[in-house]
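Asks: In the numbering used here, the protein residues as written are 36 to 400.
Structure incoming, see below.
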Ligand code: F6P
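Now the structure itself:
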């Protein structure tokens, strides 16, 4: 049994991070008698002027409903960079971090993060350091787990935004466009679009055509609905075109998606003559209190992660499969991103209830 373990939160924050931290600390100190140390600002707290904090059941008291992470996080830093479009893990930073872990008498790590953070965790595992991952991201794009915590809260927020846009769209007979996050996947757009009664959902997995989109707007006009609600994932793209980026990134930071909503607004106005407006939901999807589901899932993930470590598991990630939390190899979780199946059940359901994905072939139907 380890005497002391460390906890790290990395990547973009997501609602439920504090729930995981709390469950890790309570499980480790209660059931297994292990001490906990929080590493601040992702792996960065392990190098240079190191930043750590002692975590006790008392110090994590009251954090369950709080958004963000009490440990701080980073989605850029010294542990990962890009060389000729390839991800590289600088050896110097990892070596220094491993040395400091030894000095702090931290014997294993619970790493809470998405694919980028877990890829760094895998580098520690490959060098013999015990790690267990916890799947976090509002995007829900991690492979090997049906759900990541943070996703359900993001859907709630996007759904509420769609509900609100609905009434103003209807009052003004406008086309309202909501741009949501999700990186290269359409999970948030698809789920919120279904829950928030969108008329058109644009996702990266189904490239769209403006003709098809406009046809849907006119179809609705004909049937007496003079407004249209569109939800667009930030990574959605027109057939044959690339994604739209806010900035192209550099050796330290990945390129940042964003801006497709306004392109769609402009084109819709041009092609239909209707007024259109675009709202970019942005970081509102990540901030604030986690919903009940994410508090529960985060708590279960945190406790299961500690149990896995205590049972000698390493190089694994806790994952939700068929309603149960199991352990899967980290390598499986980071190998590929999990995308929406373009002919999967939810897309089919959306189409059956009259939602358009503005695919070119839909224009001919
Ligand atoms: O991965 C989470 C996420 O919110 C993505 O949906 C989005 O593309 C990205 O992070 C935004 O990152 P940043 O916080 O650096 O703007």
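Beta carbons are placed, not taken as given, at the ideal position from N, Cα and C, and that holds for glycine.
1. Are residue 334 and residue 54 closer than 7 Å when you measure CB to CB?
2. Quick check: what's the CA-CA separation for residue 138 versus residue 89?
3. Within the stretch 38-125, note down every full alpha helix (DSSP H) run reaching 4 residues or more, in order along the chain.
4. Could you spell out the range, first to last residue, of the beta strand (DSSP E) harbouring residue 362?
5. Measuring straight from C-alpha to C-alpha, what distance separates residue 159 and residue 207?
6. Measure the beta-carbon distance from residue 340 to residue 59 and round it to whole angstroms, keeping in mind my assumption that it falls under 8 Å.
7. When the Cα atoms are used, what is the spatial distance from residue 396 to residue 106?
8. Counting only beta-carbon atoms, is residue 111 nearer than 7 Å to chain B?
9. From the DSSP output, in three-state form, read off residue 36 for me.
10. Within this structure, are the beta carbons of residue 316 and residue 196 separated by less than 7 Å?
11. Taking 7 Å as the limit between beta carbons, can you name the residues of its chain near residue 241, skipping five residues before and five after?
12. Whole angstroms are fine: how far does the CA of residue 165 sit from the CA of residue 253?
13. Run through DSSP, which three-state label would residue 341 get?
14. Tell me the start and end of each unbroken alpha helix (DSSP H) in the stretch 150-193 that is at least 4 residues and wholly inside, in chain order.
15. In terms of residue numbering, what span does the alpha helix (DSSP H) encompassing residue 223 cover?
16. Less than 7 Å between the C-beta atoms of residue 279 and residue 227, yes or no?
17. On the criterion of 16 or more Cβ atoms from any shown chain inside 10 Å, does residue 202 qualify as buried, or is it exposed?
18. Report the partner residues of residue 312 according to the DSSP bridge assignment.
19. May I ask you to report which of helix, strand or coil DSSP gives residue 317?
20. Taking 6 Å as the cut-off, is the beta-carbon of residue 297 closer than that to any non-hydrogen atom of the ligand F6P?
21. Is the beta carbon of residue 51 sitting closer than 7 Å to the one on residue 329?
22. Would you tell me roughly how many angstroms separate the C-alpha atoms of residue 349 and residue 144, rounded to the nearest one?
23. Please find out if some non-hydrogen atom of the ligand F6P comes closer than 6 Å to the beta-carbon of residue 472.
24. In this structure, how does DSSP classify residue 204 when only helix, strand and coil are distinguished?
25. With respect to 6 Å, is the separation between the Cβ of residue 282 and the closest non-hydrogen atom of the ligand F6P below this value?
26. Return yes when the C-beta of residue 371 is under 6 Å from any heavy atom of the ligand F6P, and no when it is not.
27. Alpha carbons only, please: which of 380, 289, 294 is nearest the one belonging to residue 121?
28. Per the DSSP calculation, residue 280 is bridged to which residue(s)?
29. Less than 6 Å between the CB of residue 172 and some heavy atom of the ligand F6P, yes or no?
30. Is it buried or exposed, residue 57, if we count other Cβ atoms within 10 angstroms and call 16 or more buried?
31. Could you tell me the alpha carbon to alpha carbon distance between residue 98 and residue 353, rounded to whole angstroms?
Replies: In short:
1. Going by C-beta atoms, residue 334 is nearer than 7 Å to residue 54.
2. Their backbone Cα atoms lie some 15 Å apart in a straight line.
3. With a minimum length of 4 residues, the continuous alpha helix (DSSP H) runs that stay inside the stretch 38-125 are 52-65.
4. Residue 362 -> beta strand (DSSP E) spans 359-364.
5. Going from the Cα of residue 159 to the Cα of residue 207 covers about 55 Å.
6. In this structure residue 340 touches residue 59 by the C-beta definition: roughly 6 Å separates them, less than 8 Å.
7. If I take the Cα positions, the gap works out to 48 Å.
8. No chain B is part of this structure, which consists of one protein chain only.
9. When secondary structure is reduced to three states using DSSP, residue 36 falls in the coil class, being assigned neither helix nor strand.
10. Result yes, Cβ atoms of residue 316 and residue 196 sit closer than 7 Å.
11. Hits under 7 Å: 377, 392, 394.
12. If you take the alpha carbons of residue 253 and residue 165, they lie about 58 Å apart.
13. The DSSP-derived three-state label of residue 341 is helix.
14. Segments of the alpha helix (DSSP H) lying fully in the stretch 150-193: 150-161.
15. In the DSSP assignment, residue 223 falls within the unbroken alpha helix (DSSP H) covering 222-230.
16. Contact: no.
17. With fewer than 16 Cβ atoms within 10 Å of its Cβ, residue 202 is classed as exposed.
18. DSSP lists 211 as partners of residue 312.
19. Residue state, collapsed to three classes: helix.
20. The answer is no for residue 297.
21. If you check the CB distance, residue 51 and residue 329 come in under 7 Å.
22. The straight-line gap from Cα to Cα measures roughly 9 Å.
23. No answer is possible for residue 472: the residues shown for the chain start at 36 and end at 400.
24. Secondary structure of residue 204 (DSSP, three-state): helix.
25. Residue 282: no, Cβ never under 6 Å from the ligand F6P.
26. No - the ligand F6P has no heavy atom lying nearer than 6 Å to the Cβ of residue 371.
27. When only C-alpha atoms are compared, the closest one is 289.
28. Answer by DSSP bridge pairing, in chain order: 292.
29. At least one heavy atom of the ligand F6P falls within 6 Å of the beta-carbon of residue 172.
30. It counts as buried.
31. Across the structure, residue 98 and residue 353 are spaced so that their CA atoms are roughly 22 Å apart.
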